[in-house]
Amino acid sequence: MTTMEAELRDQRLRRIRGCAGFVKWLLTLSAVALPIMGLGLFLSVLFPTWPSFNGEESIVVGDIERSFLNMSFLQRALLSLLVAISFFLLMNALWSLRMLCARLQNMDFFSANTLKRLVMAGVWLISYAFFDVASDPVAALITTMDYPEAQRIVDVTVDGGEISCLILGALMLVLGWILREAALLAEENRQII
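Numbering of the sequence shown is given in my numbering, commencing with residue 8 and proceeding in unit increments.
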């Protein structure tokens, strides 16, 4: 390797390290902000009359907008549980991506552990996307469960964010699994030699 090739290689590695470090800290800040926002949303659904909230929070199901003040505590508790699970899954997806970026920042590109992190990030993203799709009709049913049976609504919607999250998670899962298997094979070959 010539000195020019070595310099180009070092520049590339510095760029990768800098980009991975920037994304790691961006994900860290997001991982800190997400539970705070999740807790605020959880509490605003569960206790809409709390002095910190204006009491005008509502949920839209189909063509109906329903205030949390008009729901029973059981309905609000079930909706809050859906919010908590959603934020938990999203938080774990962000944290897995953050841990992946931390390993990339340390120049650990092709170890089995790094690629396991890539697989886990894909698993968490897919889990979040499936839960997000499944929680919409459940939330609609919970919101209208005190209505007469003929007026209850089950609203099934799939939007672009859910589809994107599902596709990204699947790609990360497959890519991580393939690269992890390749890294394990390379490690076995090194041990044989």
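Backbone N, C-alpha and C fix where the C-beta goes; we use that ideal spot for every residue, glycine too. What you are looking at is a predicted structure, and each value in this text was computed from that prediction instead of being measured.
Ser51 and Trp102 have their alpha carbons spaced roughly 25 Å apart.
Taking a cut-off of 8 Å for Cβ pairs, the segment 122-132 and the segment 170-178 touch, as three or more such pairs fall below it.
Listed as beta-bridge partners of Ser74 by DSSP are Ser65.
Put simply, of Ala100, Arg105 and Ala38 the residue whose alpha carbon is nearest the alpha carbon of Gly28 is Arg105. Taking a C-beta distance under 9 Å as the contact criterion, Leu86 and Thr150 qualify as a contact pair. Judged by beta-carbon spacing, Leu46 lies beyond the 9 Å limit of Arg83, meaning their Cβ atoms are not closer than that value. Counting along the chain, no alpha helix (DSSP H) covers Gln158, and no H or E run does either.
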